[in-house]
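Just so you know, the sequences run in chain order A and B.
Mind the numbering: the first sequence is residues 950 to 1253 in my numbering, read in order.
Mind the numbering: the second sequence is residues 11 to 576 in my numbering, read in order.
C-beta: ideal position from N, C-alpha, C; glycine also.
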Amino acid sequence: MTYALFLGCKIPYYLAHYGTSTRAILKALDVDCVDIEFNCCGYPTRMLDADAYLFSAARNFALAEARGLDILTPCKCCFGSLQHARHWSQEQPDLKARINRLLAEEGLHWTGTANVRHLLSVLIHDVGPDAIAAKVRRPYKGLKIAPHYGCHALRPSKVTRFDDPLAPSIFEKLIDLTGAQSVQWNKRLECCGNPLWEKNSSLSVALMNQKLADAKLSGANYLCVACTYCQIQFDAVQHLQAAQNGNGLKLASILYPQLLGMSLGCDAATLGLDQNKLDIGGIENFLDQSKSLADDGPALTRTL
Amino acid sequence: MMIMTQLFYLSLTIFLVGLFLRIYRWFKLDIGPSDTHVPAGRRAKSVLCGLLKTVFGISAVKALIVFIADAVLQLRVIKQDFVRWLMHGLMFFGFIGLTLMHALDGQITEPLFSGYISTVNPFYFLRNLMGMMVLVGVALAVYRRVKINRLRMTTNHVDIIAIVILFVIIASGFALEGAQIISEPIFDDMAADYMGTDDPEEVAPLKAYWAANFGVMVDALEMDVDEQVLEEGLSLHEESCMQCHDRPQSAFVSYGLSRLFAPMASFFNDVRMDVMLWYLHFIACFAGLAYLPFSRLFHMIVSPLSLIVSAVSNPKETREQDTPAKATQRAMALDACTHCGACSTHCSVGPVFQLMGNEAILPSEKLLLTFSMAGNNQLKDQELSRLSDGSFICTDCYRCTSICPSGINLQDIWFAARRQLEKNGHPAPYLRLRRQNGHVIHAQSDEISAAIARTDADEMPWMAATAFATCFECQTCTNVCPVVACHPNPGEALKLLPHQIMHAVGLGLMDLAMGATMIWDCTTCYKCQEQCPQGVQVTEVLNTLKNLAWRKDAQSRSTSPEKATA
């Protein structure tokens, strides 16, 4: 299994540990990643100039096609943005022809053969629950996790084809594989609020706070996300809010590769547990101490 | 020659004044809003402290490593782009080599090598090799600027001048040497100096030998040239010339040129072309020296400095803290920039430029505009809003900063520039549009919007008429909207609710729909679209309305530039 890893614009600098943790779990699960210098997925320009957005998205597909690879992204906004581009290109052949004329200036071409996959889809469908379960060395015990789905992968389902839009389940399954217990909560499918950050920040924070309060009610120890922007919102923005307004921290968010990575026995520093703005170090207390990593299989480096 | 000495000192004076002006600007110029101005004194103090810490601290080692690895050997470029590395290496080592070995031979080469004579190898050969390196580098530079799309579009007169200066200096040097090789008058002078005679008959065999073997173009030799004469010439050559003059063929480029000049030799010798070329070469060098602080070549001095400064300062403290050192660092950036275009060719949102055509999207151009804005605000309102559009389309991926061969913290400059643009009434385009449109306009305003409403269904696929024609006003979209749910009185806060916007669009009332705060406060969570029982692409309609507002704004700005930013 080999994919072109699409990290998007924010991961390399702002959320480097999402990149390193994603690579770590993919490596542990024998999924190979190829690095291509992609450009922006186009999402930020989509609100202003849809043509420019489509061209940006298409150029990424053309780059992946040139290498004969599908794209794998850990970001749900990048995923949605790229999926939309594929969708419209299929609906509008003229549009695709116009974009291909521009791509030809760089010697690129977009036929539409490359797919885009979100990290969670690859894990559940391509790697498979059994293969993951077989590699979990140190399952969690008594850890309650509230999965936050993220809008741009889930909806519009006709375009994204990620999971059942009204009753999705793949994230819960993936969380449960680590030994943690996924909890149900009312607002699990709602928006994190990040798309409005710095556009209408008070509204952005209001949306986030509603979610946090609801997640807290579910009794979860942590939120879990698999999206760059959701994590920025629940980690950096929540942290900033707490620092500015003195609000007590409500609920820290862990990235799914961090959660899975710890149970797979990946190195905590590679997973960047100390890189989150809100402390998630407590997650290590939930690891089943009775299972030692040295007991089975080749030793994976890990410091507890 | 007196005049040339005076010219040299004049160029040196201009160079020094220019140097001072450039460095003075580092302590004066504000990149960022004026209220965060850091006075020159505080900047100078921070720079001095940093300098002392670097020179006498552990960072001195780091600075040295960076200087050698990144400034001299350009190791960070070699992996990025081998051709660019080769191009720079050829020009850099060729030019620096010539400057040290040839231009400053009296000051450097002679003291170092006791046997230094400019016409003896390896110096004779090396001069040509280095000159050739520069020329090949120049040719590669031109080729890249023509061949690579984004480089061609961003090449400006400053880049061209830098390339032309280099070319003229080197090419005039080669031409000068070529003209000297064929020159009979120079031969006569040298024979007089080194053979100790100017008697034509005594010199004749030597001249014949040089004409036959070394390309001197002799007008008329008053003797028959045979084996014996040439042998005599050879022994004279061995006696008087050979110790201080290698075969001119060693200067392989100049010698090749001299063969080209050979048919015009008598003309060259009559007008003393060698003397004219000597003046050209020297004046070109002096002009290059005088112009250096004002040209792109100034990066020779500032780029290494910038690389060292960014290596010894902490890159992670970018956005929040604004220190005096950073104000200085920002002001240095334009002088350190070589306009190599690496930032623009690797820019994450670079492809957007191909469609929007706003050069302010590309980092290398945005930097120039940002400095124009900071300088003395020469930018017109229209240019400022283009700069704002370009600046806010940036996704802060830091790729430009991590890739810059001159170590410029570009991202920090973008943050500062955006703060300045916001302060000066040029906020992010999304916010500008939100403010301009976030109130209900009940009348169909002007022709532009009508035209847009007519044409867009064709151009934007998700805006096809059928997209909203099936709406039967069940209000599901409004009922599931998390933004609507956030407001105690959503109708007032958002002006129009999602189902009302769908209805307005269905009636063709684009201005009415665009005026709703709702479209600017949409989170694009797609709940409305997902749950619409009639398959109306509600979110896409809202997205399209934002696109229409952007397009309308762009059109009105291009038709009436003054009104645009009011």
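**Message:** Give me the chain A residues within the contact set of Y19 (chain B), using Cβ-Cβ distance strictly less than 7 Å, ordered along the chain.
**Reply:** Locating residue 19 (chain B) in the second sequence gives position 9, where the first residue counts as 1. Simply none; closest approach about 49 Å.
**Message:** Using DSSP's beta-bridge definition, name the partner residues of I1203 (chain A).
**Reply:** To locate residue 1203 (chain A), count along the first sequence from 1; it is residue 254. A:C1173, per the DSSP bridge assignment.
**Request:** Let me know the secondary structure DSSP gives Q446 (chain B) once reduced to three states.
**Result:** The sequence position of residue 446 (chain B) within the second sequence is 436, counting from 1. If DSSP states are grouped into helix, strand and coil, Q446 (chain B) belongs with the helices.
**Prompt:** Using the beta-carbon of each residue, which ones in chain A are nearer than 7 Å to E540 (chain B)?
**Reply:** Taking the second sequence and counting its residues from 1, the one referred to as residue 540 (chain B) is at position 530. Under the 7 Å cutoff, chain A gives R1104, P1105, S1106 and P1114.
**Message:** Using only the alpha-carbon positions, how far apart do L394 (chain B) and R567 (chain B) sit?
**Reply:** By one-based count along the second sequence, residue 394 (chain B) stands at place 384. By one-based count along the second sequence, residue 567 (chain B) stands at place 557. The straight-line gap separating the alpha-carbon atoms of L394 (chain B) and R567 (chain B) is approximately 12 Å.
**Item:** Segments assigned alpha helix (DSSP H), at least 4 residues, entirely inside the segment 277-303 of chain B
**Value:** 283-301
**Message:** Out of B:I13, B:V490, B:T46 and B:R444, which one is the CA nearest neighbour of E1147 (chain A)?
**Reply:** In the first sequence, counting from the first residue as 1, residue 1147 (chain A) sits at position 198. It is B:R444 whose Cα lies nearest to the Cα of E1147 (chain A).
**Residue span of the alpha helix (DSSP H) that contains T1219 (chain A), given as start and end** = Locating residue 1219 (chain A) in the first sequence gives position 270, where the first residue counts as 1. It spans A1217 to L1220 - the alpha helix (DSSP H) in which T1219 (chain A) sits, taken as one unbroken run.
**Item:** Residues near G1091 (chain A) by beta carbon distance below 7 Å, same chain, minus five either side
**Value:** For this step, residue 1091 (chain A) is matched to residue 142 along the first sequence. Contacts found: F1235.
**Asked** With distances taken from CA atoms, which of A:F1004, A:N1149 and A:H1097 is nearest A1175 (chain A)?
**Response** Looking up residue 1175 (chain A) in the first sequence gives position 226. Answer by Cα proximity: A:H1097.
**Message:** Taking only three categories from DSSP, how would you classify L372 (chain B)?
**Reply:** As a working note, residue 372 (chain B) is residue 362 in the second sequence. In the structure shown, L372 (chain B) sits in coil (DSSP, three-state: anything other than H, G, I, E or B).
**Asked** Looking at the C-beta of Q544 (chain B), does it have a partner C-beta in chain A at a distance below 7 Å?
**Response** Taking the first residue of the second sequence as 1, we reach residue 544 (chain B) at position 534. Q544 (chain B) does not count as touching chain A.
**Asked** Taking buried to mean at least 16 other C-beta atoms within 10 Å of its own C-beta, is Q364 (chain B) buried or exposed?
**Response** Taking the second sequence and counting its residues from 1, the one referred to as residue 364 (chain B) is at position 354. Taking all protein chains shown into account, Q364 (chain B) has 16 or more neighbouring C-beta atoms within 10 Å of its C-beta and is therefore buried.
**Asked** Beta-carbon separation of I171 (chain B) and S316 (chain B) under 7 Å?
**Response** By one-based count along the second sequence, residue 171 (chain B) stands at place 161. By one-based count along the second sequence, residue 316 (chain B) stands at place 306. Cβ atoms of I171 (chain B) and S316 (chain B): not closer than 7 Å.
**Asked** Just how far apart, CA to CA, sit I413 (chain B) and S250 (chain B)?
**Response** Taking the first residue of the second sequence as 1, we reach residue 413 (chain B) at position 403. Taking the first residue of the second sequence as 1, we reach residue 250 (chain B) at position 240. Straight-line measurement puts the Cα of S250 (chain B) at about 57 Å from the Cα of I413 (chain B).
**Request:** Identify each residue in the segment 993-1018 of chain A for which the Cβ-Cβ distance to at least one residue of chain B is less than 7 Å, and report them in chain order.
**Result:** P993, T994, R995, M996, L997, D998, A999, D1000, A1001, F1004, S1005 and R1008
**Item:** Identity of the residues DSSP links to K63 (chain B) by a beta bridge
**Value:** For the purposes of this step, residue 63 (chain B) is taken as the residue at position 53 of the second sequence. In DSSP, K63 (chain B) forms no bridge with anything.
**Message:** Which complete alpha helix (DSSP H) runs does the segment 1003-1048 of chain A hold, if anything under 4 residues is left out?
**Reply:** 1025-1040
**Message:** Closer than 8 Å is the cut-off here; do at least three beta carbon pairs connect the segment 425-435 of chain B with the segment 39-47 of chain B?
**Reply:** The segment 425-435 of chain B and the segment 39-47 of chain B touch, with no fewer than 3 CB-CB distances between them shorter than 8 Å.
**Cα-Cα separation between K1136 (chain A) and G501 (chain B), rounded to whole angstroms** = For the purposes of this step, residue 1136 (chain A) is identified with residue 187 of the first sequence, where counting begins at 1. For the purposes of this step, residue 501 (chain B) is identified with residue 491 of the second sequence, where counting begins at 1. Their backbone Cα atoms lie some 23 Å apart in a straight line.
**Message:** Please tell me whether C1024 (chain A) and T1177 (chain A) are closer than 7 Å, where the distance is taken between their beta carbons.
**Reply:** Taking the first sequence and counting its residues from 1, the one referred to as residue 1024 (chain A) is at position 75. Taking the first sequence and counting its residues from 1, the one referred to as residue 1177 (chain A) is at position 228. Yes, these two residues count as a Cβ contact at 7 Å.
**Prompt:** Is any beta-carbon of chain A found at less than 7 Å from that of N434 (chain B)?
**Reply:** On the second sequence, residue 434 (chain B) is found 424 positions in, with the first residue counted as 1. It does not: the Cβ of N434 (chain B) has no partner Cβ on chain A nearer than 7 Å.
**Message:** If the cut-off is 7 Å on Cβ atoms, which residues from the segment 1153-1164 of chain A count as contacting chain B, listed in chain order?
**Reply:** A1155 and L1156
**Prompt:** Who are the near neighbours of A218 (chain B) in its chain, counting only those whose CB is closer than 7 Å to its CB and skipping five residues on each side?
**Reply:** Counted from its first residue, the second sequence places residue 218 (chain B) at position 208. A distance below 7 Å between beta-carbons, with the five flanking residues on each side excluded, links A218 (chain B) to the following residues of its chain, in chain order: L231, V235, V239, L240 and G243.
**Request:** Kindly list the residues whose CB is nearer than 6 Å to the CB of A453 (chain B), restricted to its own chain and excluding five residues on each side of it in sequence; keep chain order.
**Result:** Indexing the second sequence from 1 puts residue 453 (chain B) at position 443. Note on A453 (chain B): pLDDT 44, under 50, position unreliable in the model; no value is reported.
**Message:** If the criterion is Cβ atoms closer than 7 Å, does the pair T533 (chain B) and H509 (chain B) meet it?
**Reply:** Stepping through the second sequence from its first residue, residue 533 (chain B) is reached at position 523. Stepping through the second sequence from its first residue, residue 509 (chain B) is reached at position 499. Contact flag unset, no.
**Item:** Simplified DSSP assignment, three categories, for A261 (chain B)
**Value:** Numbered from 1 along the second sequence, position 251 holds the residue referred to as residue 261 (chain B). A261 (chain B) falls in the coil class under three-state DSSP.
**Request:** Assuming Q1180 (chain A) and Y967 (chain A) form a contact by the criterion Cβ under 8 Å, report the distance between their Cβ atoms to the nearest whole angstrom.
**Result:** As a position in the first sequence, residue 1180 (chain A) is number 231, starting the count at 1. As a position in the first sequence, residue 967 (chain A) is number 18, starting the count at 1. Between Y967 (chain A) and Q1180 (chain A) the Cβ distance is about 7 Å, and since that is below 8 Å, they are a contact.
**Message:** Can you tell me whether C10 (chain B) is helix, strand or coil according to DSSP?
**Reply:** Nothing in the structure corresponds to residue 10 (chain B), since chain B is present only between 11 and 576.
**Request:** For the segment 137-153 of chain B and the segment 107-116 of chain B, state whether three or more C-beta atom pairs, one from each stretch, are separated by less than 8 Å.
**Result:** yes
**Request:** Over the uninterrupted alpha helix (DSSP H) stretch that includes H1101 (chain A), give me the two end residues.
**Result:** Along the first sequence, read from residue 1 onward, the residue named residue 1101 (chain A) stands at position 152. C1100 to L1103 is the extent of the alpha helix (DSSP H) around H1101 (chain A).
**Request:** Round the Cβ separation of M200 (chain B) and A214 (chain B) to the nearest angstrom and send it over; I've been treating them as touching at under 8 Å.
**Result:** By 1-based counting over the second sequence, the position of residue 200 (chain B) is 190. By 1-based counting over the second sequence, the position of residue 214 (chain B) is 204. Between A214 (chain B) and M200 (chain B) the Cβ distance is about 15 Å, and since that is not below 8 Å, they are no contact.
**Prompt:** Going by DSSP, what residues sit across from Q1130 (chain A) in a beta bridge?
**Reply:** For the purposes of this step, residue 1130 (chain A) is identified with residue 181 of the first sequence, where counting begins at 1. For Q1130 (chain A), which the question treats as bridged, DSSP gives the partners A:K1093.
**Contacting residues, own chain, Cβ-Cβ under 8 Å from L150 (chain B) (five flanking each side not counted)** = Taking the first residue of the second sequence as position 1, residue 150 (chain B) is located at position 140. For L150 (chain B), where only same-chain residues beyond five positions count, the Cβ hits under 8 Å are V93, L96, M97 and L100.
**Item:** Within 8 Å of chain B by C-beta, residues of the segment 1058-1074 of chain A in sequence order
**Value:** none
**Request:** For chain B, find out if any of its Cβ atoms is closer than 7 Å to the Cβ of P1042 (chain A); answer yes or no.
**Result:** Counted from its first residue, the first sequence places residue 1042 (chain A) at position 93. So no, P1042 (chain A) is outside the interface.
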